[in-house]
Amino acid sequence: MSLTPQEVLHIARLARISLTPADVDRFTAQLSGILDHFAALSAVDTEGVEPTAHPLPLSNVMRADVVAPSLSQDDALANAPEREDGFLRVRAVLE
Amino acid sequence: MTELWRLTAHDAHEKLRAKEFTAVELTESVLERVRAVEPKVNAYITVTEDLALQQAREADTKFATGTATPLTGIPLAIKDLIVTKGVRTTAGSKILGNFIPPYDSHVYENLRRAGAVMVGKANMDEFAMGSSTEHSAYGPSHNPWDLDLVPGGSSGGSAAAVAAGEALGALGSDTGGSIRQPASLCGNVGFDPTYGRVSRFGIIAFGSSLDQVGPIARDVEDAATLLDCISGHDPRDSTSNPEPVADLRHYLGRDIKGMKIGVPKEYFISGMEPGVTARIEEALKLFEHLGCVVDRELSLPSTEHALAVYYIIAPSEASANLARYDGVKYGYSDRSRGSMWENMEHTRADGFGEEVKRRIMLGTYALSAGYYDAYYLKAQKVRTVINREFQAAFEKYDVVVTPTTPTVAFPLGAKLNDPYAMYLNDIYTLPSSVAGLPAISVPCGLSGGLPVGLQIIGNFFDEPRIIQAAHAFEQALGGGNRLPGL
Numbered sequence: 804m805s806l807t808p809q810e811v812l813h814i815a816r817l818a819r820i821s822l823t824p825a826d827v828d829r830f831t832a833q834l835s836g837i838l839d840h841f842a843a844l845s846a847v848d849t850e851g852v853e854p855t856a857h858p859l860p861l862s863n864v865m866r867a868d869v870v871a872p873s874l875s876q877d878d879a880l881a882n883a884p885e886r887e888d889g890f891l892r893v894r895a896v897l898e
Numbered sequence: 023m024t025e026l027w028r029l030t031a032h033d034a035h036e037k038l039r040a041k042e043f044t045a046v047e048l049t050e051s052v053l054e055r056v057r058a059v060e061p062k063v064n065a066y067i068t069v070t071e072d073l074a075l076q077q078a079r080e081a082d083t084k085f086a087t088g089t090a091t092p093l094t095g096i097p098l099a100i101k102d103l104i105v106t107k108g109v110r111t112t113a114g115s116k117i118l119g120n121f122i123p124p125y126d127s128h129v130y131e132n133l134r135r136a137g138a139v140m141v142g143k144a145n146m147d148e149f150a151m152g153s154s155t156e157h158s159a160y161g162p163s164h165n166p167w168d169l170d171l172v173p174g175g176s177s178g179g180s181a182a183a184v185a186a187g188e189a190l191g192a193l194g195s196d197t198g199g200s201i202r203q204p205a206s207l208c209g210n211v212g213f214d215p216t217y218g219r220v221s222r223f224g225i226i227a228f229g230s231s232l233d234q235v236g237p238i239a240r241d242v243e244d245a246a247t248l249l250d251c252i253s254g255h256d257p258r259d260s261t262s263n264p265e266p267v268a269d270l271r272h273y274l275g276r277d278i279k280g281m282k283i284g285v286p287k288e289y290f291i292s293g294m295e296p297g298v299t300a301r302i303e304e305a306l307k308l309f310e311h312l313g314c315v316v317d318r319e320l321s322l323p324s325t326e327h328a329l330a331v332y333y334i335i336a337p338s339e340a341s342a343n344l345a346r347y348d349g350v351k352y353g354y355s356d357r358s359r360g361s362m363w364e365n366m367e368h369t370r371a372d373g374f375g376e377e378v379k380r381r382i383m384l385g386t387y388a389l390s391a392g393y394y395d396a397y398y399l400k401a402q403k404v405r406t407v408i409n410r411e412f413q414a415a416f417e418k419y420d421v422v423v424t425p426t427t428p429t430v431a432f433p434l435g436a437k438l439n440d441p442y443a444m445y446l447n448d449i450y451t452l453p454s455s456v457a458g459l460p461a462i463s464v465p466c467g468l469s470g471g472l473p474v475g476l477q478i479i480g481n482f483f484d485e486p487r488i489i490q491a492a493h494a495f496e497q498a499l500g501g502g503n504r505l506p507g508l
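Structural data, given as structure tokens:
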């Protein structure tokens, strides 16, 4: 097993996903199994090889800084679960 | 006038121009077919019947005023991660179950400008993560060739709709094979263009350095027409490439004498189904018969590492892209807990399906402190090695030809509980995706009564040569548009 249940809980916390104890067991086994298959990568010689972030990198893509039509506040908030005075409403972040 | 839904888009266009029927009649035929077979196939998450008929009426006006294009009045399925203003777009997820986009994607804008008709939003694996469409929150799609089998994925709804006659063509998206694999399993043509060829503006993101939209069609000519319509630079996507767009239809019907074809040894593995091997061998003979130089000595040694590279990079990018689904701005939201963080964690736990959670966690792990170098950075470096091997191949060959998948369509449920077995289905489509190269899957016959796909990979922006090779091959095989007896 390359992952422990504690590590899976830690990852889930970083990813903001609540897990049940059964989820933790299942994902620990499945993710460990998948990671074991990835171990072969470490054998590939990549000495001096640059990483590829994009297959066809375009650098410094710019546009003119001009005002163009964009979504209205109403349109942008139309799918919000709760809104108030043009804001998105959530429970208090700070107690 | 029966069964207009059997026509290719280009045949339908000729007949629309000749006034043999109207766009409304064509759309009605497809909608009738949807009503007849959709309960068995489940190709769509949302059928937009009223909108389709309205767009068909507009198409008839375009024909009347002489402003019709090859796609005017053609009924299409649109994968449900392509946002459409005012039409629910779910990405196959419960977390976007109530999401009504306030804007249109670039590709849908282009289709609308051309006068195409949208029949509905096609089913898919949730957030395009899967190879069977079983990871949809809206139930699996079924393969029209055999309803007990999967149509492939993630664009399985798009492929099933085209094969079942529920659309004349479709748009899908391909991150690691999600257009080509379902096209192969459903007997369609599926084209994943060069990364950057088609704007990702308004495409719900999965792996941003890999995602591309492309066509699923009844034959190569229709695939060329659809890709022509959606290609081109779009300033709203910073990865959209300014490279000039070729007119792909111009490359139909040309001979391919002297074309140099490389066939990589590494793609002929032990797990390959004998019927698939046989069809590919026959296809290679056919290319030789057409005057191509087929070389079986090509070696792409890092092919075996593409799967690990992909399943580190794509989930890593997904873990960042899917952070936006927090139940605050749009989509499903659990508001029953004591704090904002608890609400968020339960929104994501309930809103995402198993495979999506698995990949978010895999990506989060690969990017986390202490593991970044071993997984993400290493994968990016091996990605460079894979790219270099392809570039070396294209110094010798015009195109690289391989099978699209190791097997034909498999039964529903067969790989659902073994994530890695499901990942292996993409083994032939992942390498070119990792390299950002264009690749088409074109039908090359049947094995046990089920479609087999041939993959043709080209160099960056060499879509014309791929279309030329695929069209010549399809015509030599007796033409496309082979539909199952559903």
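Sequence lines, in order, name chains C and E.
With my numbering, you'll find the first sequence wraps up at 898, consecutive numbering, no jumps.
With my numbering, you'll find the second sequence wraps up at 508, consecutive numbering, no jumps.
Glycine included, C-beta positions come from ideal geometry on N, C-alpha and C.
- Met383 of chain E has no beta-bridge partner at all, per DSSP.
- For Ser176 of chain E, no chain C residue has a Cβ inside 8 Å of its Cβ, as the nearest lies near 18 Å away.
- Comparing C-alpha distances from Ala144 of chain E to each of E:Pro123, E:Ile117, E:Val184, E:Ala401 shows the shortest one belongs to E:Val184.
- For Asp317 of chain E, the uninterrupted beta strand (DSSP E) run begins and ends at 315 to 317, by DSSP.
- With fewer than 16 other beta carbons inside 10 angstroms of its own, Arg39 of chain E counts as exposed.
- DSSP, reduced to helix, strand and coil, places Arg276 of chain E outside both helices and strands of the structure shown, so it counts as coil.
- In this structure, Asp82 of chain E places its C-beta atom within 8 Å of the C-beta atom of Thr44 of chain E.
- Under the Cβ distance rule, Leu384 of chain E counts among the residues neighbouring chain C, one pair being separated by less than 8 Å.
- Here DSSP, grouped into helix, strand and coil, assigns Met140 of chain E to strand.
- Counting along the chain, the unbroken beta strand (DSSP E) around Lys282 of chain E starts and ends at 282 to 284.
- Listed by position along chain E, the residues whose Cβ is nearer than 9 Å to that of Ala879 of chain C are Pro124, Lys351.
- With a threshold of 8 Å between beta carbons, Ala401 of chain E makes contact with chain C.
- Cβ neighbours of Ala227 of chain E within its own chain (closer than 6 Å, five residues either side excluded): Asn343.
- Sequence-distant partners of Gly373 of chain E (beyond 5 residues in either direction) whose C-beta falls short of 6 Å from its own C-beta, in its chain, are Lys116, Ile117, Tyr354.
- Residues of chain E with a Cβ closer than 7 Å to the Cβ of Thr855 of chain C are, in chain order, Gln402, Arg405, Thr406, Asn409.
- Against chain E, a Cβ distance below 7 Å from Val869 of chain C picks out nothing, because the smallest value is about 12 Å.
- Beta-bridge annotation (DSSP): Pro425 of chain E is paired with E:Leu476.
- A straight line joining the alpha-carbon of Glu80 of chain E with that of Ala74 of chain E spans about 10 Å.
- In the structure shown, the three-state DSSP call for Pro204 of chain E is helix.
- For Gly836 of chain C, the chain E residues whose C-beta falls within less than 7 Å of its own C-beta are Tyr442, listed in chain order.
- Under DSSP, the beta-bridge partners assigned to Ile104 of chain E are E:Ile225.
- A distance of 8 Å or more separates the beta carbons of Val474 of chain E and Gly194 of chain E.
- Look at Glu71 of chain E here: in three-state DSSP terms it is helix.
- Contact check for Ala34 of chain E and Val242 of chain E: beta-carbon distance about 16 Å, past the 8 Å limit, so the pair fails to qualify.
- Between Asp256 of chain E and Phe223 of chain E, the C-beta spacing is below 8 Å.
- Unbroken beta strand (DSSP E) runs of no fewer than 3 residues, entirely contained in the segment 174 to 202 of chain E, are found at 191 to 196, following chain order.
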